[in-house]
Amino acid sequence: MNIVVIGGRGLVGRNIVERLRAEGHDVSAASRATGVDVITGQGLAECLAGAEVVVDVTNSSTFDGEEAFDFFRTAIVNLLEAELAAGVRHHVTLSIVGTDRLQDSHYLRGKSLQDRMIRASGIPFTIVHATQFYEFLLAIIAAALREESMHLSPAYIQPVASDDVAALMAELAIGEPLNAAIEIAGPERERMSQLIQRFLIDMEAPCTVQADKHAPYFGALLDEHSLVPTEGALQGTVGFQAWLDRSAFSRVGW
Ligand SMILES: NC(=O)c1ccc[n+]([C@@H]2O[C@H](COP(=O)([O-])OP(=O)(O)OC[C@H]3O[C@@H](n4cnc5c(N)ncnc54)[C@H](OP(=O)(O)O)[C@@H]3O)[C@@H](O)[C@H]2O)c1
């Protein structure tokens with residue numbers, strides 16, 4: 118199968134590319150590093166020529182502000198137009214659990230717009246809504262850290278291994294379009310403030326976490342269940358401690 122993975126050199130993208138190549142598919146990993154830019158449209162038509170399936174795992178370089186919304190809006194307009202012109206038969210995308218509930222976040226509002234535009238495009242599609250990757254906990258820390266303390270929401274979070282998400286994305290890319298969205302989360306649910314405190318202790322970071330239900334999450338206020346999936350979501354196999362023990366972050370020092 119001829120598959121283009123846009124964002125194919127990113128965290129989840131390169132894992133998807135490796136999995137699909139290992140199964141013998143003809144896979145291109147496209148991104149600005151290979152001359153393909155979903156914002157300017159540069160290289161898109163050329164890289165999609167002959168593609169049957171497009172997997173979109175591009176990401177904005179900023180997580181907040183109008184810039185994040187603009188990235189996802191412009192990217193999907195350009196990508197869907199190029200896919201229609203190329204006759205792509207299946208668009209597979211990676212979105213985030215809770216996007217529709219968290220419209221105060223520019224980033225998630227952009228992801229939510231993407232979902233709606235994909236559904237309206239006429240291109241058969243599959244949308245995966247994943248919870249936060251374990252690696253993304255570091256971005257949450259970076260966004261909340263003020264000197265050596267941080268206020269974090271005690272809302273529940275159920276992060277997932279990016280490896281589990283990549284495995285699902287690769288499987289769905291070679292299957293029939295679902296024309297629906299499905300959810301995947303990790304096997305454990307915990308309060309964000311507690312989980313991150315645990316992570317910081319393991320990293321021996323001299324930071325304190327204060328649970329604060331008014332602490333914004335990339336611009337959005339969370340309720341207890343904003344970030345967790347609905348019943349019936351698929352479940353990843355790797356728990357937080359198992360991921361941490363295998364990661365480069367355990368007891369890394371600060
Ligand atoms: N991280 C999470 O916790 C999480 C959870 C659920 C869903 N997701 C979604 O999963 C997707 C991928 O996340 P990730 O963490 O794997 O992202 P990532 O590591 O930041 O990778 C992003 C990829 O997008 C490419 N890219 C960025 N701007 C581009 C542009 N203008 N044109 C073409 N390619 C561009 C980058 O390559 P170049 O720099 O070479 O262009 C890179 O290959 C995102 O859409 C995110 O919303 C993430």
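Numbering (our numbering), first residue to last: 118 to 371.
Even for Gly, the Cβ is constructed at its ideal location relative to N, Cα and C.
Between the beta-carbon of ILE120 and the beta-carbon of VAL194, is there less than 9 angstroms? Looking up residue 120 in the sequence shown gives position 3. Looking up residue 194 in the sequence shown gives position 77. No.
Shorter than 8 angstroms, the distance from the beta carbon of GLN275 to the closest heavy atom of ligand 1, or not? Taking the first residue of the sequence shown as position 1, residue 275 is located at position 158. Checking every heavy atom of ligand 1 against the Cβ of GLN275, none is found closer than 8 angstroms.
Between LEU285 and the rest of its own chain, which residues show a CB-CB distance below 7 angstroms, the 5 nearest in sequence each way excluded? Position 168 of the sequence shown, counted from the first residue, corresponds to residue 285. For LEU285, where only same-chain residues beyond five positions count, the Cβ hits under 7 angstroms are VAL245, ILE301, LEU351.
Tell me whether THR151 sits in a helix, a strand or coil according to DSSP, three-state version. Taking the first residue of the sequence shown as position 1, residue 151 is located at position 34. Three-state DSSP puts THR151 in a helix.
Hey, would you say the C-beta of GLY336 is under 8 angstroms away from at least one heavy atom of ligand 1? Position 219 of the sequence shown, counted from the start, is the residue given in the question as residue 336. No, ligand 1 has no heavy atom inside 8 angstroms of this Cβ.
What separation, rounded to the nearest whole angstrom, lies between the Cα atoms of LEU312 and PRO304? The sequence position of residue 312 within the sequence shown is 195, counting from 1. The sequence position of residue 304 within the sequence shown is 187, counting from 1. Roughly 14 angstroms separates the two Cα atoms.
Taking only the alpha-carbon atoms, compute the straight-line gap between THR210 and ALA272 and give it to the nearest angstrom. If you number the sequence shown from 1, residue 210 lands on position 93. If you number the sequence shown from 1, residue 272 lands on position 155. A straight-line Cα-Cα distance of about 26 angstroms links THR210 and ALA272.
Relative to ligand 1, is the shortest distance from any of its heavy atoms to the C-beta of LEU211 smaller than 8 angstroms? The sequence position of residue 211 within the sequence shown is 94, counting from 1. Indeed, a heavy atom of ligand 1 lies less than 8 angstroms from the Cβ.
Using a threshold of 9 angstroms, state whether the C-beta atoms of ARG138 and VAL144 are closer than that. Here residue 138 refers to the residue found at position 21 of the sequence shown. Here residue 144 refers to the residue found at position 27 of the sequence shown. Their beta carbons are under 9 angstroms apart, which means ARG138 touches VAL144 by this criterion.
Measuring from the CB of PHE253, is there a heavy atom of ligand 1 at a distance below 8 angstroms? Numbered from its first residue, the sequence shown carries residue 253 at position 136. PHE253: yes, Cβ under 8 angstroms from ligand 1.
Counting only the same chain and skipping the five closest in sequence on each side, list residues whose C-beta sits under 6 angstroms from that of PHE186. By 1-based counting over the sequence shown, the position of residue 186 is 69. These residues qualify, in order along the chain: HIS223, ARG226, GLY227.
Should GLY372 be listed as close to ligand 1, given that the test is whether its C-beta is under 8 angstroms from any heavy atom? Any question about residue 372 goes unanswered here, given that the chain covers just 118 to 371.
Is the closest heavy atom of ligand 1 to the C-beta of ILE258 under 8 angstroms? One-based indexing of the sequence shown puts residue 258 at position 141. Flag unset: Cβ of ILE258 not near ligand 1.
Let me check you understand the geometry: is the CB of GLY125 closer than 8 angstroms to at least one non-hydrogen atom of ligand 1? By 1-based counting over the sequence shown, the position of residue 125 is 8. At a cut-off of 8 angstroms, the beta-carbon of GLY125 counts as near ligand 1: some heavy atom of the ligand is closer than that.
Per DSSP, the bridge partner or partners of ARG263: Locating residue 263 in the sequence shown gives position 146, counting from the first residue. Its beta-bridge partners are SER266.
How big is the Cα-Cα spacing for ALA162 and THR347? Reading the sequence shown from its first residue, position 45 is the one you call residue 162. Reading the sequence shown from its first residue, position 230 is the one you call residue 347. Roughly 37 angstroms separates the two Cα atoms.
Here's a check: name, in chain order, each residue in its chain whose Cβ is nearer than 7 angstroms to the Cβ of ASN296, leaving out the five neighbours to either side. Sequence index remark: in the sequence shown, residue 296 carries index 179 (1-based). Same-chain partners within the cutoff: PRO241, PHE242.
Can you find the residues in the same chain that come closer than 6 angstroms, C-beta to C-beta, to ALA328, ignoring five residues on each side of it along the sequence? In the sequence shown, the residue the question calls residue 328 occupies position 211. Excluding residues within five positions, the ones whose Cβ falls inside 6 angstroms are PRO271, SER310.
Just to confirm my understanding: we take LEU339, look at its own chain, exclude 5 residues before and 5 after, and list those with CB closer than 6 angstroms. What are they? Numbered from its first residue, the sequence shown carries residue 339 at position 222. Excluding sequence neighbours, LEU339 sits near SER270, ALA272.
Any idea if PRO323 is buried or exposed, counting beta-carbon neighbours within 10 angstroms, 16 or more meaning buried? Translated into positions along the sequence shown, residue 323 becomes position 206. It is exposed - the Cβ of PRO323 has fewer than 16 other Cβ atoms within 10 Å.
Closest by CA to LEU317, which one among GLN249, SER212, PHE366, TYR334? To locate residue 317, count along the sequence shown from 1; it is residue 200. Residue PHE366 is the option with its Cα nearest to LEU317.
Would you check if the distance between the CB atom of GLY349 and the CB atom of VAL277 is smaller than 9 angstroms? On the sequence shown, residue 349 is found 232 positions in, with the first residue counted as 1. On the sequence shown, residue 277 is found 160 positions in, with the first residue counted as 1. Against a cut-off of 9 angstroms, the Cβ pair of VAL277 and GLY349 comes out as no contact.
VAL194, enclosing alpha helix (DSSP H) - first and last residue: What you label residue 194 is simply residue 77 of the sequence shown in a count that begins at 1. Looking at the DSSP string, the run of the alpha helix (DSSP H) that includes VAL194 is 183 to 203.
Beta-ladder partner(s) of ARG246, from DSSP: Along the sequence shown, one-based indexing puts residue 246 at 129. Correcting the residue type first, residue 246 is His in the shown sequence and not Arg. Paired residues: SER212, GLU300.
Between GLY130 and ligand 1, is there a pair consisting of the residue's CB and a ligand heavy atom that are separated by less than 8 angstroms? As a first step, residue 130 is located in the sequence shown; it is residue number 13 there, counting from the start. For GLY130, the shortest C-beta to heavy atom distance toward ligand 1 is below 8 angstroms.
Please confirm whether VAL134 and ALA168 have their CB atoms less than 9 angstroms apart. As a first step, residue 134 is located in the sequence shown; it is residue number 17 there, counting from the start. As a first step, residue 168 is located in the sequence shown; it is residue number 51 there, counting from the start. No, Cβ-Cβ distance for VAL134 and ALA168 is not below 9 angstroms.
I think ARG306 touches VAL345, with their Cβ atoms under 8 angstroms apart; what is that distance to the nearest whole Å? As a first step, residue 306 is located in the sequence shown; it is residue number 189 there, counting from the start. As a first step, residue 345 is located in the sequence shown; it is residue number 228 there, counting from the start. Confirmed, Cβ separation roughly 6 angstroms.
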